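Enquirer:
Numbering (the numbering used here), first residue to last: 948 to 1259.
1) Give the C-beta separation of residue 1199 and residue 974 to the nearest angstrom, bearing in mind that I take them to be a contact with Cβ-Cβ under 8 Å.
2) For the ligand HEM, I want to know if residue 1050 counts as a neighbour, meaning its beta carbon is within less than 7 Å of at least one of the ligand's heavy atoms.
3) What does the Cβ neighbour count give for residue 962, buried or exposed, with the cut at 16 atoms within 10 Å?
4) What whole-angstrom Cβ distance do residue 1032 and residue 1008 have, given they're in contact under 8 Å?
5) In whole angstroms, what is the alpha-carbon distance linking residue 954 and residue 1174?
6) Leaving out the 5 sequence neighbours to the left and right, which residues in its chain are closer than 7 Å to residue 984 when beta-carbon positions are compared?
7) Measuring CA to CA, which of 1208, 1015, 1052 and 1133 is closest to residue 1165?
8) To test your reading of the DSSP string, which unbroken beta strand (DSSP E) runs of 3 or more residues are found completely within the segment 1042-1127?
9) Grouping DSSP H, G and I as helix and E and B as strand, with all else coil, what is residue 1186?
10) Note down the Cα distance separating residue 1074 from residue 1105, rounded to an integer number of angstroms.
11) Please tell me whether residue 1184 and residue 1168 are closer than 8 Å, where the distance is taken between their beta carbons.
12) Would you mind sorting residue 1112 into buried or exposed? The rule is 16 or more other CB atoms within 10 Å of its CB.
13) Out of 1110, 1072 and 1069, state which residue places its alpha-carbon closest to the alpha-carbon of residue 1086.
14) List the DSSP bridge partners of residue 1174.
15) Once the 5 residues before and after residue 1029 are set aside, which same chain residues still bring their CB inside 7 Å of it?
16) Which whole-angstrom value is the C-beta distance of residue 1035 and residue 1065, which I expect to be below 8 Å?
17) CA-CA distance, residue 1179 and residue 1037?
18) Taking the straight line between their C-alpha atoms, what separation do you get for residue 1014 and residue 1137?
19) When the Cα atoms are used, what is the spatial distance from residue 1239 to residue 1197?
20) I need the straight-line Cα distance from residue 1048 to residue 982, nearest angstrom please.
21) Tell me, to the nearest whole angstrom, how far the beta carbon of residue 995 is from that of residue 1209; I am working on the premise that it is less than 8 Å.
22) Classify residue 1218 as buried or exposed, calling it buried when 16 or more other Cβ atoms lie within 10 Å of its own Cβ.
23) Could you tell me which of 1143, 997 and 991 sits nearest to residue 1252, measuring between CA atoms?
24) Measure the CB-CB distance between residue 966 and residue 1046 and report whether it falls below 8 Å.
25) Taking the beta strand (DSSP E) that residue 1143 falls in, what are its first and last residues?
26) Just grab the DSSP bridge partners of residue 1007 for me.
27) Measure from the alpha carbon of residue 1177 to the alpha carbon of each residue in 1092, 1150, 1156 and 1247, then state which is nearest.
28) How is the beta strand (DSSP E) around residue 979 delimited, first residue to last?
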């Protein structure tokens, strides 16, 4: 992996703000619980960035229960501000069960009520040097769309760089007619859209990369398309670049895509190069591979300490 070569650049006024759901992930192997750790797609990304020394904040909601206490403490311990975490005293925090198969890929069961989600606490204002990472159903949920949509539009107007991780799951297909306008507005607001071929199969019944990009480019000119162990494709108006995925031994793939996002954002923040270079994809893969080698949702202490050198 190549790191910045022009000395420590510092974060200056940069801040990464995540907008997404939070759950307590309980990981199972051979049907036995192995570990419980706070998670959620955007949450995992933001915590890894915080561990690497990047100033971060998380916009989310949790219950006023013991799990909510664990989640807020976990953010603080990893250098992430919890000032925008909405606590709801009479609501239970969400739980996810992740069952790892023989390939350490996860099948999920979620225990959460999307209709009970609300964002009624303090919310951020944005500066032009901020980065916003958002995605999953939280970013399109009709119940909170008035608040989330307003936040994203405010970020766009402030000149913020926005990264949208589609992460659309099969269990929400029945809701597609209602949420599709939110998906496509998110793409219009984003500078980068990241999604898997599975995501776009669910959304548009499209499986060919070029066809997927033709649809996405109506809204956003830059698409990162992942496809499991197959090559990663980066689409821009200049064309398509393909990057092989290095095979590795895994302990869990639960946080792989989330940490890909975090690594890409880290590379953008710490590089003077164009954001559409092999360096960004290389760094993204490095973060993804690191989290796959352990039973957890975030990058290792070893990688985090190494990365902090470049932003102090």
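From the three backbone atoms N, C-alpha and C, an ideal C-beta is built for every residue, glycine too.
None of the values given here were measured: they were computed from a predicted structure.
Expert: The relevant details are as follows:
1) Rounded, the Cβ-Cβ distance is 6 Å, consistent with contact.
2) Absent from the structure shown: the ligand HEM. Ligands present: none.
3) Taking every protein chain shown into account, the CB of residue 962 has 16 or more other CB atoms within 10 angstroms, so this residue is buried.
4) Their Cβ separation, rounded to whole angstroms, is 7 Å, which keeps residue 1032 and residue 1008 in contact under 8 Å.
5) Summary for residue 954: the model assigns pLDDT 39, below 50, so the residue's position carries little reliability; its value from the coordinates is reported in the next sentence. Spanning the two alpha carbons is a distance of roughly 35 Å.
6) Within the same chain, Cβ atoms closer than 7 Å to the Cβ of residue 984 are found at 972, 1243 and 1244, the five residues on either side in sequence being excluded.
7) Closest by alpha carbon: 1133.
8) As far as the segment 1042-1127 is concerned, its whole beta strand (DSSP E) runs of at least 3 residues are 1053-1058, 1077-1082 and 1108-1112.
9) Annotated three-state conformation of residue 1186 is strand, per DSSP.
10) So the alpha carbons of these two residues sit roughly 6 Å apart.
11) Contact check for residue 1184 against residue 1168 passes: the beta carbons are separated by less than 8 Å.
12) Of the residues assessed, residue 1112 falls on the buried side of the cut-off, its CB having 16 or more other CB atoms within 10 angstroms.
13) It is 1110 whose Cα lies nearest to the Cα of residue 1086.
14) Under DSSP, residue 1174 takes part in a beta bridge, and its partners are 1177.
15) Excluding residues within five positions, the ones whose Cβ falls inside 7 Å are 1005, 1019, 1022 and 1023.
16) In this structure, residue 1035 and residue 1065 form a Cβ contact; the two beta carbons are roughly 7 Å apart against a cut-off of 8 Å.
17) Their Cα atoms are separated by approximately 43 Å.
18) Straight-line spacing of the CA atoms in residue 1014 and residue 1137 works out to 32 Å.
19) Taking the straight line joining both Cα atoms gives about 5 Å.
20) Roughly 15 Å separates the two Cα atoms.
21) Contact flag correct, Cβ pair sits at about 4 Å.
22) So residue 1218 counts as buried.
23) The option with the nearest alpha carbon to residue 1252 is 997.
24) No, Cβ-Cβ distance for residue 966 and residue 1046 is not below 8 Å.
25) For residue 1143, the enclosing beta strand (DSSP E) has its first and last residue at 1139-1143.
26) DSSP, once it has assigned bridges, lists 1032 as partnering residue 1007.
27) That would be 1156, whose Cα lies nearest to the Cα of residue 1177.
28) Looking at the DSSP string, the run of the beta strand (DSSP E) that includes residue 979 is 979-986.
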